[in-house]
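Q: Residue numbers (this note's numbering): 1 to 321.
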């Protein structure tokens with residue numbers, strides 16, 4: 001029996017456009033979250049990597065995946081895991097170039113692990129995963145994201161959370177004001193305007209409020225030495241394969257300790273991405289009354305994450321929109 005192919009419709013274009021408007025702000029934010037512990041010079045590079053990664057995975061996952069109607073988006077739990085890993089490596093004294101190489105290898109290996117899960121046909125095991133386990137893990141990851149972003153919310157560099165919270169005199173009121181406006185818009189905008197996603201409204205309100213403050217205080221317009229903005233990406237590392245090659249040159253041949261620090265996070269990330277993706281596939285099946293191919297989805301996700309990590313140095317997942 002010949003399988004029916006869905007014909008492209010005008011709604012597909014508008015649906016893709018709406019998904020893009022939701023994906024890009026999240027991709028930018030999660031990219032900054034992962035790269036920010038490396039220092040202010042790397043925040044802009046993280047934003048670029050997040051957006052490029054979302055575009056690469058969006059194309060690959062749609063072509064190779066096994067679930068209709070699934071659109072690529074950044075993965076908040078994965079971003080939290082990678083951000084915590086980056087901060088930990090910085091505290092251990094690792095060089096930023098070495099950490100970036102580790103993140104690249106972790107993302108690539110996580111993708112290969114997902115491909116292996118698909119080849120072993122482990123996708124069907126998702127139905128045995130208890131919801132409290134997934135819910136508890138995601139809740140913990142959400143708290144990690146909140147705690148890691150509190151210093152930025154207060155206009156300070158990443159540091160000890162206790163020392164930041166109990167020293168209100170060093171807070172930047174401009175950052176607190178802009179962040180509060182953004183959060184409140186995200187929470188309440190959907191009750192007033194339903195046609196525009198709250199993520200977009202929050203992004204616009206935050207940008208507008210910051211520009212108003214910058215008009216009153218020209219110092220807020222500076223790109224260099226301004227802790228309240230992402231800034232320009234460094235241009236000394238090169239881009240794409242040149243950047244990856246420079247990172248390989250900055251690091252010696254991997255030893256057992258290095259492989260351990262890469263393999264364990266990669267396996268953790270692969271399991272997390274697989275569970276989150278297949279859980280979303282089950283929700284989409286209930287909405288569309290279709291059945292997805294879990295193993296093919298893992299293959300598509302794995303290949304997508306492998307190439308995404310290679311090109312953009314950050315791992316993503318898929319979510320239904």
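Even for Gly, the Cβ is constructed at its ideal location relative to N, Cα and C.
Which residues in the same chain have their Cβ closer than 8 Å to the Cβ of residue 299, if we skip the five residues on either side of it in sequence?
A: So the list reads 64, 66, 114, 115, 118, 119, once near-sequence residues are dropped.
Q: From what residue to what residue does the alpha helix (DSSP H) around residue 169 run?
A: Segment: none, residue 169 is in no alpha helix (DSSP H) and carries neither H nor E.
Q: Given the structure, does residue 56 come close to the ligand GDP, in the sense that its CB is under 6 Å from one of the ligand's heavy atoms?
A: This structure does not include the ligand GDP; it has no bound ligands of any sort.
Q: Taking only three categories from DSSP, how would you classify residue 28?
A: Helix.
Q: Check for me: the alpha helix (DSSP H) holding residue 212 runs from which residue to which?
A: Run containing residue 212: 198–216, per the alpha helix (DSSP H) assignment.
Q: Give me the Cα-Cα distance between residue 13 and residue 202, rounded to the nearest whole angstrom.
A: Near 24 Å, if we compare the C-alpha coordinates of residue 202 and residue 13.
Q: Could you check the C-alpha separation between residue 275 and residue 58 for me, to the nearest Å?
A: Between residue 275 and residue 58, the C-alpha separation is close to 19 Å.
Q: So, with DSSP's three-state summary, where would you put residue 92?
A: Coil at residue 92, not helix or strand.
Q: When we look at the beta-carbon of residue 76 and count the other beta-carbons within 10 Å, is it buried (16 or more) or exposed?
A: Buried, since its Cβ has 16 or more Cβ neighbours within 10 Å.
Q: Starting from residue 195 and walking both ways along the alpha helix (DSSP H), at which residues does that stretch end?
A: It is not in any alpha helix (DSSP H) - residue 195 carries neither H nor E in the DSSP assignment.
Q: Would you say the region 45–56 touches the region 28–36, given that touching needs at least three Cβ pairs under 8 Å?
A: Verdict: yes, contact present.
Q: Specify the secondary structure class of residue 100 as computed by DSSP and reduced to three states.
A: Residue 100: helix per DSSP, three-state reduction.
Q: Could you compute how far the alpha carbon of residue 194 sits from the alpha carbon of residue 177?
A: For residue 194 and residue 177, the distance between alpha carbons rounds to 25 Å.
Q: List the DSSP bridge partners of residue 219.
A: Residue 219 pairs with nothing; no bridge assigned.
Q: Measuring alpha carbon to alpha carbon, tell me which residue in 42, 106, 24, 100 is nearest residue 268.
A: Ranking the options by Cα distance to residue 268, first place goes to 106.
Q: Need the endpoints of the alpha helix (DSSP H) that residue 47 sits in, please.
A: 40–64 is the span of the alpha helix (DSSP H), which, as asked, contains residue 47.
Q: Secondary structure at residue 368, three-state DSSP: helix, strand or coil?
A: As displayed, the chain neither begins before 1 nor continues past 321, which places residue 368 out of reach and without an answer.
Q: Note down the Cα distance separating residue 54 from residue 296, rounded to an integer number of angstroms.
A: The alpha-carbon atoms of residue 54 and residue 296 are separated by roughly 20 Å.
Q: Leaving out five residues on either side along the sequence, give the residues of the same chain with a beta carbon under 6 Å from the beta carbon of residue 301.
A: Taken in chain order, the residues that qualify are 114, 277.
Q: Pick from 145, 97, 112, 104: whose alpha carbon is nearest that of residue 303?
A: Residue 112 is the option with its Cα nearest to residue 303.
Q: In whole angstroms, what is the alpha-carbon distance linking residue 205 and residue 179?
A: Roughly 10 Å separates the two Cα atoms.
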